[in-house]
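The structure under discussion appears below in the form of structure tokens.
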Amino acid sequence: MKNIYNKGTFRSFEYGKIGPYLKKHGNKKWRRTEKSEIEDQLSENIKIFKQRRKRHKLIWVKITSEVYDTTHSDYRSFYSEKAFRDSIKRAHVTRYFLINNKTNKK
């Protein structure tokens, strides 16, 4: 492991030297991570991270409802089919239209 511990007394006016605060900060970080980095390099175990689950595809629907001879339609998105079915069961829903390829255009 490369020793990045900032040893010694540096003169702050010299070019390329670091100030006392940065020296203190670097030393703290080195002491904190030194042990774990050495153990990681010595052990040949490969860490296997859990794979991220893919996002659910959204179900995009245009729902039209009619109340007192006025029709109102809006676009809605659902994560689950159950939520989609429940929204269709509402009163005054006359029709719905599934949208397969919905892209967000700005």
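The sequence shown lines up with residues 40 to 145 when you count with our numbering. Positions of the beta carbon are idealized from the N, C-alpha and C atoms, including for glycine.
For residue i, the three-state DSSP class (helix, strand or coil)
i: residue 40; result: For residue 40, the pLDDT reaches just 45, beneath the cut-off of 50, and the residue's location in the model is therefore unreliable, although a value from the coordinates is still provided. Coil at residue 40, not helix or strand.
i: residue 82; result: coil
i: residue 89; result: coil
i: residue 94; result: coil
i: residue 16; result: Outside the shown range of the chain (40 to 145) lies residue 16, about which nothing can therefore be said.
i: residue 101; result: strand
i: residue 139; result: coil
Boundaries (first-last residue) of the beta strand (DSSP E) holding residue i
i: residue 111; result: 109-117
Cβ pair residue i, residue j closer than 8 Å
i: residue 98; j: residue 117; result: yes
i: residue 124; j: residue 100; result: no
i: residue 131; j: residue 104; result: yes
Start and end residues, alpha helix (DSSP H) containing residue i
i: residue 124; result: 120-127
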